[in-house]
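The listed protein sequences correspond, in order, to chains A and B.
Sequence positions in the first sequence follow this note's numbering and run 1 to 318.
Sequence positions in the second sequence follow this note's numbering and run 319 to 636.
Think of the CB as a built atom: it goes at the ideal place given N, C-alpha and C, for glycine as much as any other residue.
These notes are about the structure you will find just below.
2 protein chains.
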Amino acid sequence: MTKVLVVIPAQEEHRAKLEAAAPEFEFVYSTPKDATEEMIAEANIIIGNVPAGKIKASENLQLLQLNSAGTDAYIVPGVLAKGTLLANATGAYSKAVAEHLFIMGLAMQKKLHLYRDNQARSAWEDEGLVTSIADSTVLVVGLGDIGTHFARMAKALGAHTIGIKRRASEPVEGVDELYLTDELDNVLPRADIIASFLPGTGATAGIYSAQRLALMKDTAILLNGGRGNAIDTDALYEALKNKKLFGAGLDVTNPEPLPEDHPLWKLDNVWITPHISGGFHLKETFERIVNIAAKNLSHMAKGEPIDNEVDFETGYRK
Amino acid sequence: MTKVLVVIPAQEEHRAKLEAAAPEFEFVYSTPKDATEEMIAEANIIIGNVPAGKIKASENLQLLQLNSAGTDAYIVPGVLAKGTLLANATGAYSKAVAEHLFIMGLAMQKKLHLYRDNQARSAWEDEGLVTSIADSTVLVVGLGDIGTHFARMAKALGAHTIGIKRRASEPVEGVDELYLTDELDNVLPRADIIASFLPGTGATAGIYSAQRLALMKDTAILLNGGRGNAIDTDALYEALKNKKLFGAGLDVTNPEPLPEDHPLWKLDNVWITPHISGGFHLKETFERIVNIAAKNLSHMAKGEPIDNEVDFETGYRK
């Protein structure tokens with residue numbers, strides 16, 4: 001009998017949905033922390049991000065259904081056995097992550113971070129000019145579900161939107177101008193807001209180098225909702241300190257967590273949130289994850305191809 | 319010859335625009351602070367908010383064109399002579415003020431104020447669940463240009479919108495449900511975000527009483543972009559302190575400026591900005607004010623009725 005280990009925090013109604021999708025499977029519930037190596041070794045299907053180090057290329061494992069969009073820890077050779085399918089939860093996070101980063105950008109345009117700092121000093125002080133999303137050119141780098149949702153929101157509030165994709169495609173709703181990655185350097189100088197949603201792959205590490213940061217406007221706001229290592233942190237620190245950027249809104253950092261003594265914490269023109277835009281912070285996200293998992297359980301039960309299958313070469317959904 | 323005193327910070331191009339609107343008029347430029355009582359006494363038209371106390375009901379004054387939307391200080395008996403026309407700058411601020419308050423509300427939904435406080439302590443700490451504008455019911459109280467712009471933005475990002483108007487009207491774009499002021503108590507319990515843009519008149523003072531605050535959801539966010547005295551500050555403090563509201567975003571307070579030792583500063587679930595959402599903080603606002611003033615100069619030169627004429631009874635545009 002196919003054994004399913006579920007380590008996402010599934011409540012009664014979620015368990016019912018998962019079990020109904022594959023009634024003949026046997027379900028065991030645990031948490032990423034409490035799941036024993038034995039439970040993992042016995043599982044044929046795992047739902048949720050068990051620690052990669054505990055999987056040990058188990059030959060029993062047919063499918064690892066992640067509850068994250070990011071796959072970096074699981075595409076490393078030796079983590080999964082050859083033949084184990086890997087699926088991510090792309091799509092579940094689009095609303096939560098896109099909204100979080102979008103709102104960080106809007107709030108920086110209105111200097112709400114600086115007013116919050118003033119408030120801590122009980123200071124009724126004017127921080128001067130602000131800008132408007134309606135007059136902004138917004139560049140979205142990485143047009144998966146999250147980036148596309150971001151672009152649509154920016155467009156809905158009047159922005160001009162530019163999108164950068166990895167692969168050629170049809171026009172994308174909400175994106176006024178669409179380019180491939182090799183055009184990045186040409187569009188960076190035009191953007192008032194740069195929102196990056198790149199996954200953690202070899203190709204994206206350090207993509208925002210000192211040179212690329214220097215291409216951005218002094219008045220630009222850089223938002224990172226992908227992986228922290230897309231940005232050269234030291235170069236970003238220098239750029240922000242020297243007012244070569246207006247600000248940065250970061251839900252991901254490198255390293256992560258950001259150490260308490262890291263100088264980035266103390267710059268007033270950076271706004272840091274602790275990698276919380278995704279996770280299960282928006283209730284709807286978790287519902288979407290359960291739906292993705294249930295669908296893939298059903299596909300496995302019926303011997304059908306799964307959704308959201310990850311390509312081990314790229315770390316992206318195939 | 320008609321004498322025009324301009325006390326808004328008009329640059330070369332603004333002066334050219336104003337003078338072109340009424341070439342036969344004589345223009346004098348100053349600031350609200352530097353304008354002497356003599357300059358004010360001689361002026362037939364004043365463009366900009368000179369201190370109300372300096373006008374002394376001058377019989378020479380035909381038109382006072384304010385650069386503010388609010389008119390409270392100028393409709394007080396004895397400030398303007400009978401027959402002096404008063405015009406405000408309604409419309410100039412809609413984008414700036416609506417965006418500022420809207421973004422405060424969005425940022426509170428994502429707990430960005432709490433994450434900013436954590437950042438001050440270099441603390442990588444999770445603040446838990448957030449909510450989404452796309453799932454929210456947004457109540458806009460006061461559907462002038464600002465409130466209408468606010469409702470349209472909320473609608474564009476997926477919210478359900480309810481509007482409260484003073485007077486019956488046609489349906490308003492972006493407003494799903496439209497009611498008159500006497501329905502306020504019935505709709506307050508439904509709102510996730512309450513955005514208030516009421517001017518400072520006798521009828522609006524204290525409208526958000528302890529009783530009305532108690533009608534709001536415990537999870538609601540109250541935004542005030544009108545006048546601070548619309549809210550009973552003590553009652554708001556108690557509600558926030560006792561978590562009877564999720565939060566308040568205030569660009570206006572009562573009193574104003576908020577004294578350094580006021581307890582409101584120290585509540586973590588209030589976000590205070592120092593009455594800066596309007597002013598000239600968004601460049602476009604000033605351009606719009608100049609356009610309104612130029613149009614009214616032209617109307618005066620031609621003996622036409624002016625735009626944005628204020629009703630001394632209500633303080634609103636007629």
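query	result
In the DSSP assignment, find the unbroken alpha helix (DSSP H) run with H113/A in it and report its ends.	L112 to A120
Helix, strand or coil: how does DSSP classify W583/B here?	helix
Compare the C-beta of K428/B with all C-beta atoms of chain A and state if any pair is closer than 7 Å.	yes
Ignore the nearest five residues each way along the sequence and tell me which others in A477/B's own chain have a CB closer than 6 Å to its CB.	I451, S454 and V456
Could you pull the start and end residues of the alpha helix (DSSP H) that K289/A belongs to?	According to the sequence shown, residue 289/A is Ile rather than Lys. Per DSSP, I289/A belongs to the alpha helix (DSSP H) from K283 to K302.
Identify each residue in the segment 114-138 of chain A for which the Cβ-Cβ distance to at least one residue of chain B is less than 9 Å, and report them in chain order.	Y115, R116, D117, N118, Q119, A120, R121, S122, A123, W124, E125, D126, E127, G128, L129, V130, T131, S132, I133, A134 and D135
Under 7 Å Cβ-Cβ, which residues of chain B neighbour E260/A?	S440
Could you list which residues in chain A have their beta carbon closer than 7 Å to that of A425/B, in chain order?	I103, A107 and L112
Would you say T148/A lies against chain B (beta-carbon separation less than 7 Å)?	no
First and last residue of the alpha helix (DSSP H) that includes S412/B?	S412 to Q427
So S209/A packs on A248/A, CB below 8 Å; how close in whole Å?	Wrong, their Cβ atoms sit about 15 Å apart, outside the cutoff.
When you compare the CB of L600/B with every CB in chain A, is at least one pair closer than 7 Å?	yes
Let's test the definition: count the other Cβ atoms within 10 Å of the Cβ of G401/B and tell me whether it reaches 16, buried, or not, exposed.	exposed
Smallest Cα separation from D331/A: which of V140/A, D185/A and F27/A?	Examination of residue 331/A is not possible in this model, given that chain A is present from 1 through 318 alone.
For T320/B and N542/B, I'd like the C-alpha separation in whole angstroms.	40 Å
Which chain B residues are close to T219/A, counting only those with a beta carbon under 8 Å from its beta carbon?	Ordered by position in chain B, no residue passes the 8 Å Cβ test against T219/A, which lies about 13 Å from the chain.
Using a C-beta cutoff of 7 Å, does H160/A count as contacting chain B?	no
For the segment 328-347 of chain B, which residues have a beta carbon sitting closer than 7 Å to at least one beta carbon of chain A?	none
Could you check how far apart the C-beta atoms of D268/A and L101/A are, in whole angstroms? I think they sit under 8 Å.	Not quite, the Cβ-Cβ distance comes to about 19 Å (not below 8 Å), so this is no contact.
Who are the near neighbours of E356/B in its chain, counting only those whose CB is closer than 8 Å to its CB and skipping five residues on each side?	none
In whole angstroms, what separates the C-alpha of I103/A from that of M618/B?	44 Å
How is G278/A classed by DSSP in three states: helix, strand or coil?	coil
May I have the straight-line CA-CA distance separating I207/A from V50/A, to the nearest angstrom?	29 Å
So, D185/A versus L143/A, is the Cβ gap smaller than 7 Å?	no
Going by alpha carbons, who is nearest to R635/B out of K413/B, R434/B, P517/B and A513/B?	P517/B
7 Å is my cut-off, CB to CB: does E495/B come that close to chain D?	No chain D appears in the structure shown, which is made up of the protein chains A and B.
Please list the residues of the segment 268-296 of chain A that have a C-beta atom closer than 9 Å to any C-beta atom in chain B, keeping them in chain order.	V270, W271, I272, T273, P274, H275, I276, S277, G279, F280, H281, L282, K283 and E284
Count the CB pairs spanning the segment 54-73 of chain A and the segment 385-397 of chain B that are closer than 8 Å, and state whether there are at least three.	no
Could you tell me the alpha carbon to alpha carbon distance between K56/A and K243/A, rounded to whole angstroms?	47 Å
When burial is assigned at 16 or more other CB atoms within 10 Å of the CB, is G303/A buried or exposed?	exposed
Tell me which residues of the segment 80-102 of chain A have at least one Cβ-Cβ distance to chain B shorter than 9 Å, keeping chain order.	K95, A96, E99, H100 and F102
Mind checking if A513/B is an interface residue toward chain A, Cβ cutoff 7 Å exclusive?	no
With DSSP collapsed to three states, give me the class of V130/A.	coil
On the three-state DSSP scale, how would you describe N224/A?	strand
Out of curiosity, what's the CA-to-CA distance linking Y433/B and E445/B?	7 Å
From the DSSP secondary-structure annotation, give me the bridge partner or partners of F27/A.	V4/A
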